[in-house]
Amino acid sequence: MKKNERKLGVVLTYANIFLNTAVVLLFTPILINYLGNSGFGLYSLALTILTYIALLDFGFGNSIIVFTSKYRASKESERQKSLYASILVAYIALSVFASFALYVFYINIESNFSSGMSENEIELFKIIFIIISFNIIFSIPLNLYKSILTAYERFGFIKLASLTRTLLTPLLLCISIAFNIDVVGIVLIISVVNFLVLFSHFLYYYSHIQFSFSIFDFKLNELKKSVRYSFFIFLALIVDQVNWNFGQFLLGAYVGSESVAIYAVAILINMTFLLLSSAVSNVLLPKITKMVELGACNDELTGEMIKVGRLQAYIIFSVLFGFLLLGKDFIYLWAGRDYTDAYYLTLMLMLPLCIPLVQNLGLSILQARNKFAFRAISSFFVSVLTVCFSILLTKKFSYWGLASAISIAFFVLNGLVMNIYYHFFGIKVASFWYEIFKIIGVIAISCVPVFIIKSYFQVESLFHFILLIIIMILIILVFSYKFAFNIYEKKLFLKGINLLKPHLS
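Numbering (the working numbering), first residue to last: 2 to 506.
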């Protein structure tokens, strides 16, 4: 059963990635046109607040998964009860704290956002904030049940619930638009759908897992153990929130809702970039854990990092160069000419982001060897500096200053600090980047014909754009196969072709 659950989980994960990407690409222009720049900015700000539910998890979700597996294996049901009770108490405490923090934020909305928003926008944002606040307060304790289901490997239901949310949200929003519901109603619908998905985890737990516990099973030692394990994961969550969400608050406070809308488009594209580029590593990541457990040496780990990094590089740098050549046309067709600045903002964030994406197997090596603390602490201190510089630069240069602060932080942390650490850790960093730069060179050269073709005609329709994308992909594949693919990659490519042949014939 577990094996089938894992297979179903993998299939639904890829389906969810595809549908999320499709929804972002297809539905965002509809929302922009319907809500206008100001309304879309408020909508983006609301979704930014909603993502802070992940931060208020405090990393306890990982503790639940790890310790549940351990206690079930050793048949320590009493400790398992104490684990759930202790973390549930912690979640309830976090909900109370969140209530207080959200109230303080609410009473200061006018003073914090008056320089960037009109009176009408502030009043709308207050209503939106109340809706989001209730969602956050009641959702935090429900995080417990999703983590328990993950520990019990009920991946099928979890991914199906997520897939349902992905499909249901745009469907309900389309109905809302047909009935001329404003941005407040749209945020309310999203909040209700998110809450119902979390509540479905609770219902599934009590109908299928049936492992009873109560808050009276609380034990302080169990909570301390979970906190120690979760701490560095929590630091990583803070960094993610700073990188991807904090900037929109700054823009809303100091510049205005329209700047939030433009910056949000750049963030949406980069988040899609993150999803698409992580597909290869997610499939191969379990192998690295097994290698470390079997005592793999640094040369073997470097070899694996190079192998996975090269596979990542073909995807990451094809997207990067593709966006460099065709991104402005994509923005015009997708969001409109008012969002031209989003093209340059996307590139500013995308360029340094390529470094951690192509090296993300290195983080798995650190986790497997219990050396993740350095990465978490380093990223936390860099994020503190990022916040400080973001505030200063956003006030003076709007989203250009914000994007500059974040892109420099990405480069310093991932390009300099982590590569120096990998070197002293025993990974052959020079060998890794030598292999990656060979691929970058081939992809860059293969994009020259696309640049020449594009210079002869304007991209005036979706058909022209898709045609250029297809031409670019084919040229990159030909050049890569001829000049970049190694033996392993050629075998992998030919195997994929052979699998597709029956469906193409």
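All C-beta atoms in this analysis are idealised placements derived from N, C-alpha and C, irrespective of residue type, glycine included.
The structure displayed is predicted, hence computed values, not measured ones.
Sequence-distant residues of the same chain with beta carbon closer than 7 Å to residue i, five excluded per side
i: residue 158; result: 150, 205
i: residue 488; result: none
i: residue 271; result: 347, 350, 351, 354
i: residue 332; result: 340, 341, 343, 344
i: residue 388; result: 243, 247
i: residue 111; result: 123
i: residue 125; result: 43, 184, 185
i: residue 45; result: 249, 261, 262, 265
i: residue 148; result: 62, 65, 66
i: residue 94; result: none
Inter-residue Cα distance where the pair is residue i and residue j
i: residue 337; j: residue 252; result: 21 Å
i: residue 236; j: residue 378; result: 7 Å
i: residue 123; j: residue 114; result: 7 Å
i: residue 455; j: residue 74; result: 60 Å
i: residue 496; j: residue 490; result: 10 Å
i: residue 178; j: residue 189; result: 13 Å
i: residue 220; j: residue 91; result: 11 Å
i: residue 394; j: residue 404; result: 9 Å
i: residue 326; j: residue 447; result: 12 Å
i: residue 462; j: residue 264; result: 24 Å
i: residue 18; j: residue 156; result: 15 Å
i: residue 222; j: residue 101; result: 27 Å
i: residue 375; j: residue 39; result: 41 Å
i: residue 28; j: residue 256; result: 26 Å
i: residue 181; j: residue 215; result: 45 Å
i: residue 275; j: residue 400; result: 21 Å
i: residue 232; j: residue 240; result: 13 Å
i: residue 449; j: residue 467; result: 18 Å
i: residue 41; j: residue 317; result: 29 Å
i: residue 397; j: residue 261; result: 15 Å
i: residue 132; j: residue 424; result: 48 Å
i: residue 200; j: residue 143; result: 7 Å
i: residue 485; j: residue 312; result: 11 Å
i: residue 286; j: residue 308; result: Residue placement at residue 286 is flagged as unreliable, the pLDDT there being 48, under the threshold of 50; the coordinate-derived value follows with that caveat. So the two alpha carbons sit approximately 12 Å from each other.
i: residue 329; j: residue 82; result: 55 Å
i: residue 118; j: residue 230; result: 41 Å
i: residue 383; j: residue 415; result: 10 Å
i: residue 37; j: residue 259; result: 9 Å
i: residue 176; j: residue 408; result: 38 Å
i: residue 356; j: residue 130; result: 36 Å
i: residue 412; j: residue 391; result: 15 Å
i: residue 373; j: residue 321; result: 28 Å
Cβ shell of residue i (< 8 Å), same chain only, five flanking positions each side left out
i: residue 306; result: 360, 362, 363, 366, 428, 433
i: residue 224; result: 87, 88, 90, 91
i: residue 310; result: 359, 360, 362, 433, 436, 437
Contacting residues, own chain, Cβ-Cβ under 6 Å from residue i (five flanking each side not counted)
i: residue 68; result: 84
i: residue 267; result: 343, 346, 347
i: residue 1; result: Shown here, the chain extends from 2 to 506; a query on residue 1 therefore has no answer.
Three-state secondary structure assigned by DSSP to residue i
i: residue 416; result: helix
i: residue 109; result: coil
i: residue 299; result: helix
i: residue 220; result: coil
i: residue 76; result: coil
i: residue 429; result: coil
i: residue 175; result: helix
i: residue 18; result: helix
i: residue 155; result: coil
i: residue 183; result: coil
i: residue 460; result: coil
i: residue 379; result: helix
i: residue 211; result: coil
i: residue 201; result: helix
i: residue 370; result: coil
i: residue 2; result: Bear in mind that the predicted position of residue 2 carries a pLDDT of just 49, short of 50, making it too unreliable to give a figure here.
i: residue 228; result: helix
i: residue 336; result: coil
i: residue 284; result: Confidence at residue 284 is low in this model, with a pLDDT of 48, below 50, so the placement of that residue should be treated as unreliable; the coordinate-derived value is given next. Helix.
i: residue 256; result: coil
i: residue 233; result: helix
i: residue 62; result: helix
i: residue 119; result: coil
i: residue 410; result: helix
i: residue 360; result: coil
i: residue 246; result: helix
For the stretch 468-481 against the stretch 437-453, are there 3 or more C-beta pairs whose distance is under 8 Å? Taking a contact to require three or more Cβ pairs closer than 8 Å, the stretch 468-481 and the stretch 437-453 qualify as touching.
Pairs of beta-carbons, one from the stretch 39-50 and one from the stretch 119-137, closer than 8 Å: are there three or more? Yes: the two stretches touch, three or more of their Cβ pairs being nearer than 8 Å.
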